[in-house]
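Asker:
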Amino acid sequence: MALEVLMVEDNPGDVRLIQEAFRDTDRSIHLQIASDGVEAMAYLRHEGPHAHAARPDLVLLDLNLPKMDGRQVLANIKQDDGLKTIPTVILTASHAEADIVKSYQLRANCYLCKPTHLEGFASFVKSINEFWLTKVSTMNSWSRA
Amino acid sequence: MKDSEGDDMPIEVLLVDDSPGDVRLTQEAFREANGSIHLWVATDGVEAMAFLRHEGAHVRAPRPDFILLDLNLPKMDGREVLTHIKEDESLKTIPTVILTTSEAEVDIVKSYQLQANCYLCKPVQLDAFEGLVKSINDFWLTKVKLPQQTQSG
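Protein chains in written order, with this note's numbering: chain A, 1 to 145; chain B, 1001 to 1153.
As structure tokens, this is what we get:
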């Protein structure tokens, strides 16, 4: 069964690098992209063109996003009884302690900083794949409330 | 505080597990993987909360950077320990990872509802157990940004 991953990211270059790195892993992963916070929430709530969207097994969420900020998306996910159990990993360029603490307060499952060089992306995605998508138990079959 | 990988700051890890064999394996695997980990062990839920709240014998206990929590524990269940941690304003930001033998969907769902940061099943094979501890080190204690020790409002 393919794993469903929703990536919320507005930078096309980062999206491309992550897509390619996931493609290089030996896994069947459906990577869906939302390029702003509003689209991410519409996807998760099956609204508009996303009526048939799959429930993600993992959300990769940038903090700085157009329309609706990543912090707001995170708060919305973790306050929604139907969505809060989806592991949500912050993936951002920010190393600021305030962003790290705030994200954990808002119940981010973990906080990762984007690699700063090209080769970093491959090993980075590899570790997400090997840890979150391999070792961690999630409930992929659970309620699509 | 430094913000670079591989600095000399020890990483304080609290392991809450009542199985002496699993504790031993975890200690050995961490020791092999990363010399800068201080691994603290609490063998029941009451002791874990006393450690986290600096009570009794734990007055000088450090604030853990990371917690590994079994679900089935004497005195106070792991689910209750998790609830206490995530309802406490000063403890809730500490990443708390469930490490248990249970593969039951109900335990997985319940743990995420109680805001576990992630849920891992203990492998039964020795090699796999060591491999899992190594991947916890490689991911959580290396790649992930943990909140710093400073108290946050």
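Using N, Cα and C, we set each Cβ at its ideal position, and we do this for glycine too.
#1: Got a sec? Which residues, its chain only, sit under 8 Å from SER1036/B by beta carbon, not counting five neighbours each side?
#2: Mind listing which residues of the region 103–115 of chain A have their C-beta closer than 7 Å to chain B's C-betas, in chain order?
#3: What's the gap between the Cα of ASP1070/B and the Cα of ALA2/A?
#4: In this structure, how does DSSP classify ILE1136/B when only helix, strand and coil are distinguished?
#5: Taking 8 Å as the CB-CB cut-off, is LEU1120/B touching chain A?
#6: Looking only at DSSP bridge pairs, what is HIS30/A linked to?
#7: Answer yes or no: does any C-beta atom of chain B fall closer than 8 Å to that of ILE100/A?
#8: CB ILE1108/B to CB SER137/A, shorter than 8 Å?
#9: What in chain A is Cβ-close to GLN1125/B, meaning under 7 Å?
#10: Are any of the Cβ atoms in chain B nearer than 8 Å to that of LYS84/A?
#11: Taking buried to mean at least 16 other C-beta atoms within 10 Å of its own C-beta, is GLY1045/B buried or exposed?
#12: VAL73/A lies in the alpha helix (DSSP H); which residues open and close that run?
#13: Take ASP1017/B and list the residues in its own chain whose beta-carbon comes closer than 6 Å to its own, dropping the five residues that flank it on each side.
#14: Would a check of beta-carbon distances place ILE1108/B closer than 8 Å to chain A?
#15: For GLU9/A, which residues in the same chain have their Cβ closer than 6 Å to its Cβ, ignoring the five residues on either side in sequence?
#16: Apply the 10 Å Cβ neighbour rule to GLY1078/B and answer buried if 16 or more other Cβ atoms are within range, or exposed otherwise.
#17: Compare the Cα-Cα distances from PRO1062/B to each of LYS1122/B, THR1083/B and LEU1091/B and report the closest residue.
#18: Kindly identify the DSSP beta-bridge partner or partners of THR1026/B.
#19: Please name the residue or residues paired with ALA1033/B in a DSSP beta bridge.
Answerer: Well, looking at it:
#1: ASP1008, MET1009, PRO1010 and ILE1011
#2: Taking a C-beta cut-off of 7 Å against chain B, the contacting residues of the region 103–115 of chain A are TYR104, GLN105, ARG107, ASN109, CYS110, TYR111, LEU112 and CYS113, listed in chain order.
#3: 29 Å
#4: helix
#5: Interface residue (Cβ-Cβ distance to chain A less than 8 Å): LEU1120/B is classified as such.
#6: GLU4/A
#7: yes
#8: yes
#9: What GLN1125/B touches in chain A: nothing, since even the nearest Cβ is about 14 Å away.
#10: yes
#11: buried
#12: 70–79
#13: Excluding positions up to five away in sequence, the list reads VAL1023 and ASP1070.
#14: ILE1108/B counts as touching chain A.
#15: VAL15 and ASP62
#16: buried
#17: LEU1091/B
#18: Looking at the DSSP assignment, THR1026/B forms no beta bridge with any residue, so it has no partner.
#19: Per DSSP, none; premise fails for ALA1033/B.
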